[in-house]
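S.K.: If you use numbering that gives the first Met the number 0, the sequence shown corresponds to residues 0 to 437, in order.
Ideal placement from N, C-alpha and C gives every residue a C-beta, glycine not left out.
On a predicted model such as this, the values are computed, not experimentally measured, just so you know.
One structure follows; several queries about it will come next.
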Amino acid sequence: MAPVISGFSKLSKADKIKWLAEHHFNNDSDATNTLITYWNSDDRLQRLHDEFTENTISNYYLPFSVAPNFLINDKRYTLPMTIEESSVVAAASKAAKFWQSRGGFKAEVLSTTKVGQVHFTFTGDPERLRDFFIQVKPELLKSVSSITKNMEKRGGGVKEIELRERTKDLDHYYQLHCTFGTADAMGANFINSCLEQFAKTLVIEAKKFDSFSETEKDIEIIMSILSNYVPQCLVRASVSCTIKELPNSTQLSSLQYAEKFVRAVRIAQIEPYRAVTHNKGIMNGIDAVVLATGNDFRAIEAGAHAYAAKDGTYRSLTHAEIKEDQFTFSIEIPLALGTVGGLTSLHPLVKLALQLLDNPNAKKLMEITAVAGLAQNFAAINSLITTGIQQGHMKMHLMNILNQFEATTIEKEHLVAYFKTNTVTHSEVVAQIEKLRS
Ligand code: MEV
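Okay, structure coming up:
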């Protein structure tokens, strides 16, 4: 077991690696070399990455891929996607190509309101707290004017502050429930700075409020923090075509395909075990664009899954329906994304990803990202109700298996050709490698 170390963050990068080699890698030079191999030869770039977080000892690569042919609101996009799962980009590209000749994707932002809360304890008369809040509200807003000045110039700011009594759920628990507009920024720092100032002002003003008793004057702030649950920062994307434009095969007519598709989505509406996997597939597309564009995928994940459970049962984020001869497939998802601030101007690949998308504002990025989720879900359901998921998945995974066995370029060419017409399974790939090598 490694010993406790204090002051690790103050060690140089070389000393950190030396410590790790000694205490975790048995002084194995391979481990050290692997870490060093992933350093960037450009010192300036490496320093930039080192400074993103504490204790950076190397870089962790993920593929930076692109999915072309996305027609969104009549404009063509190539989507940047950062993801390790082999089949995701191929699936997105396939769905994009399918829908680009059927009118493409339509997307619209329904609302962009974000939320933050000051959680506090007040012991006393709720009526007097309400009176106090009415009096203090202008003061709360005034106290953040230096923080909101720039945001207001960009069209954002504090929208509303509400006092919410939650004493039925927790003794003496109240909130300032605040809503914000953050223009093109994701806005976490802006919101948290406003909230912390509201909290300070609330405490100071309570002490001066004559109608309060001594106990009532003593408001205790528990915490002040934005919420990643953003049901009012919502985007909708959809595709639609006539039934006869849907795939058909000897097994499944277009109508049968449409009906099976709608039923698959219905299952994900009513069955949480299926819904979680269904939504995971949606997040394959969403997270890949969110990561590539330097946004916070954990916030997006948390918010999306909470939204999926908003009525008390975890359900599909997408919907499908047949009306007369029209098939429509849509998604509604909260996405608090930003195109300024954070990594957007720092990480060279994030800058490039945004450039690839024609430097969208936050609303455009919400639309594009929702489309990526819908496309991914379309591709997954399409496979699930026809060939099954493994065929496409294993085809893409083939290269990973070949790399595990350190296949040479010639072996890869041979085996990729072989598996064009044969089913990929792990054991079959191993058998074919062995056959080739003997
Ligand atoms: C795999 O990463 C995602 C899928 O399981 C999604 C789904 O089942 O809808 C294919």
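I'd like to know if the region 15-22 and the region 311-318 are in contact, where contact means that at least 3 CB-CB pairs between them fall below 8 angstroms.
M.R.: no
S.K.: So, at 7 angstroms on beta carbons, what are the nonlocal neighbours of G280 in its own chain, with the 5 sequence-adjacent residues on each side left out?
M.R.: Q375, N376 and A379
S.K.: How many angstroms separate the CA atom of T422 from the CA atom of V65?
M.R.: Near 27 angstroms, if we compare the C-alpha coordinates of V65 and T422.
S.K.: Hey, is N399 close to the ligand MEV, as in C-beta under 7 angstroms from one of its heavy atoms?
M.R.: no
S.K.: With H, G and I counted as helix, E and B as strand and the rest as coil, what does DSSP make of C240?
M.R.: strand
S.K.: May I have the straight-line CA-CA distance separating D295 from S437, to the nearest angstrom?
M.R.: 49 angstroms
S.K.: Quick one: give me the first and last residue of the alpha helix (DSSP H) that M395 is part of.
M.R.: In this chain, the alpha helix (DSSP H) harbouring M395 covers Q389 to Q403.
S.K.: Are I432 and E412 touching if we call contact CB-CB under 8 angstroms?
M.R.: Contact: no.
S.K.: Could you check what DSSP says for I190 in three-state terms: helix, strand or coil?
M.R.: helix
S.K.: By Cβ distance below 6 angstroms, which residues in the same chain neighbour S142 in space, the five residues on each side in sequence not counted?
M.R.: Hits under 6 angstroms: Q196 and T200.
S.K.: Check this for me: beta carbons of M185 and G387, under 8 angstroms apart or not?
M.R.: no
S.K.: How would you call I330, buried or exposed, if buried means at least 16 neighbouring beta carbons within 10 angstroms?
M.R.: buried
S.K.: Have a look at L435, L355, S86 and T111 and flag the residue whose alpha-carbon is nearest the alpha-carbon of V500.
M.R.: A query on residue 500 cannot be resolved here, the shown segment of the chain reaching from 0 to 437 and no further.
S.K.: Which residue marks the beginning of the alpha helix (DSSP H) containing Q174, and which one marks its end?
M.R.: Looking at the DSSP string, Q174 is not in any alpha helix (DSSP H); the run it does join, the beta strand (DSSP E), is Y172 to G180.
S.K.: Indicate the three-state DSSP secondary structure (helix, strand or coil) for I432 in the structure shown.
M.R.: helix
S.K.: If you compare alpha carbons, which of I384, I299 and T292 is closest to M282?
M.R.: I299
S.K.: Can you tell me whether G280 sits near the ligand MEV, meaning its C-beta is under 7 angstroms from at least one heavy atom of the ligand?
M.R.: True, at least one ligand heavy atom lies under 7 angstroms from that Cβ.
S.K.: Going by DSSP, what residue range makes up the beta strand (DSSP E) through Y76?
M.R.: Counting along the chain, the beta strand (DSSP E) containing Y76 begins and ends at K74 to T81.
S.K.: In its own chain, which residues sit with a C-beta less than 7 angstroms from the C-beta of Q45, not counting the 5 before and 5 after it?
M.R.: W38 and N39
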